[in-house]
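A quick write-up on the structure given underneath.
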Amino acid sequence: MKKFLCLAAALIVLQTAVCAAQPDVLLYHNISESYHKSQADMNITAEDFENHIASLIENGYNIISFNTYIDHINGLCDLPEKSVIITFDDGYLSNYTVAFPILRKYGAYGTVFVVTSRVGSYDTQYPHFTWKQAKEMVDSGIMSIYSHTVSHTNMLERSANEIAYEVRKSKYIIEKNLGVKCNVLAAPHGLFSKTATFVIGESGYDVLCRVGDICIDENTDSVISLRRYTVHGDMSAADVISMINQGG
Ligand SMILES: [Zn+2]
1 MKKFLCLAAA LIVLQTAVCA AQPDVLLYHN ISESYHKSQA DMNITAEDFE NHIASLIENG
61 YNIISFNTYI DHINGLCDLP EKSVIITFDD GYLSNYTVAF PILRKYGAYG TVFVVTSRVG
121 SYDTQYPHFT WKQAKEMVDS GIMSIYSHTV SHTNMLERSA NEIAYEVRKS KYIIEKNLGV
181 KCNVLAAPHG LFSKTATFVI GESGYDVLCR VGDICIDENT DSVISLRRYT VHGDMSAADV
241 ISMINQGG
């Protein structure tokens, strides 16, 4: 019995060690040449975005792909020092036209969480990229595409069955269109419940991306959860680095 307890304790220590390291994850949305101050949580100019990427690299940050983090949580590799993941929510066209070439220029990586019912849609405040453009980004190895649900649903207002539909259908559509595994989900508005995390874990997702401290007290035992820092368009590169250093 004592031997078994020691073994169990050793396994817990090992698992904690494997999962302990987490990258700093930045959250962007649209890239726009001009925007009103009140929309700074959704927009940044191409110039400022490029400045953020260049400064992170100059300051020794490693902009890694989500795959590297998933390999790390599966125990396949160490997480590089000062790892940062760049994410974009909603799947805006500017992620393809502007962010993708900038990340390529700097040898960096990015991840976009798409709302599957809006892929290719121009009938919204900002246009969205198409599946063809998504496939081009994925095939480049620079961008990863994961789920932001089918309809950008507020999971706090949905039943377990409705959440299952949103997370499973979006996963299926992404995998069918892009030929990649979709095992990461970003909660729309950062909102989720314990029931949602259970359904997400049961639906084949390994990681749930959060937004700041939203739902910070929610139990997420069913799936690994990763906190993200929202980058506002009026933040300088120094602001972004100091946000990372202060842990948000
Ligand atoms: Zn969103």
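So the sequence shown is numbered by this note's numbering: it starts at 1 and just counts up by one. Where is the CB? At the ideal position from N, CA and C, for every residue including glycine.
Nearest to THR111 by C-alpha distance, out of ILE142, GLU136, GLU218, ASN245, is ILE142. Of the residues GLN133, LEU93, GLU157, ASP71, the one whose Cα lies closest to the Cα of TYR122 is LEU93. Within the same chain, VAL84, ILE244 come within 6 Å of ASP24 by CB-CB distance, once the 5 residues on both sides are set aside. For ASP90, the Cβ falls inside the 7 Å cut-off from some heavy atom of ligand 1. The beta carbon of THR116 sits closer than 6 Å to those of VAL150, SER170, ILE173, all from its chain and outside the five residues before and after it, given in chain order.
Distances taken from the Cβ of PRO127 to the heavy atoms of ligand 1 include none shorter than 7 Å.
Between PHE49 and GLY91, the CB-CB gap reaches or exceeds 8 Å. Assignment of beta-bridge partners to ALA186 by DSSP yields CYS209. Residue ranges of uninterrupted beta strand (DSSP E) with 3 or more members, entirely inside the stretch 211-242 and ordered along the chain, are 224-226, 228-230.
Short of 6 Å from the beta carbon of GLY233, and not among the five residues preceding or following it, lie these beta carbons of its own chain, in chain order: ALA40, ASN43, ILE44. THR197 is not a Cβ neighbour of SER236, given a cutoff of 8 Å. Of the residues assessed, GLN133 falls on the buried side of the cut-off, its CB having 16 or more other CB atoms within 10 angstroms. Exposed is the label assigned to TYR106, since fewer than 16 other Cβ atoms lie within 10 Å of its Cβ. Counting only the Cα atoms, LEU26 lies some 9 Å from VAL240. In this structure, the C-beta of HIS232 stays at least 7 Å away from each heavy atom of ligand 1.
With contacts defined by Cβ atoms closer than 8 Å, SER203 and ALA164 form a contacting pair.
Look at THR195 here: in three-state DSSP terms it is helix.
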